[in-house]
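Trainee: Taking my numbering, the leading residue of the sequence shown gets 258, the next gets one more, and so forth.
Glycine residues also receive a C-beta, built at the ideal position from the N, C-alpha and C atoms.
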Amino acid sequence: MALANLKGGYILLGVEDDGTVSGIKRPDIQEWVLNVFRDKVHPHIIPFYEEIQLDEKGKVAVITLSPGIAKPYVLRHNGREDV
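(1) Please report how far the alpha carbon of P284 lies from the alpha carbon of V290, in whole angstroms.
(2) Any contact of the segment 270-284 with the segment 321-335, i.e. 3+ C-beta pairs under 8 Å?
(3) Could you round the C-beta distance between L270 and L322 to whole angstroms and report it? I think they count as a contact, below 8 Å.
(4) Hey, Y330 and I302: beta-carbon distance below 8 Å or not?
(5) Which stretch, first to last residue, makes up the beta strand (DSSP E) that contains D339?
(6) Can you find the residues in the same chain that come closer than 7 Å, C-beta to C-beta, to V340, ignoring five residues on each side of it along the sequence?
(7) Is E273 helix, strand or coil when you go by DSSP?
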């Protein structure tokens with residue numbers, strides 16, 4: 258939500274906090290990402306999703322978020338709304 262509420266940015270899946278590339282393991286990851294955005298983000302925002310092959314290290318998923326135009330965006334989960 259912070260990315261959409263500020264200047265946008267990137268989320269990398271398959272990269273650890275220390276920068277190590279572990280690769281994406283989930284077979285249906287694109288569908289899962291889009292479902293999370295559809296079900297939990299309000300107002301709706303559609304991210305740009307792509308996968309990049311990094312040699313033998315595997316694939317990394319890149320989720321690109323543009324700055325939102327309908328701020329504030331909130332996460333709806335367990336009956337709560339969090340910015």
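Mentor: The relevant details are as follows:
(1) Near 12 Å, if we compare the C-alpha coordinates of V290 and P284.
(2) Verdict: no, contact absent.
(3) The C-beta distance from L270 to L322 rounds to 13 Å, too long to fall under 8 Å, and the pair is not in contact.
(4) In this structure, Y330 places its C-beta atom within 8 Å of the C-beta atom of I302.
(5) For D339, the enclosing beta strand (DSSP E) covers residues 337-339.
(6) Setting aside the 5 residues that flank it on each side, V340 is surrounded in the same chain by M258, N262, P329, V331, each with a C-beta closer than 7 Å to its C-beta; the list follows chain order.
(7) Assigned with DSSP and collapsed to three states, E273 falls in coil, not helix or strand.
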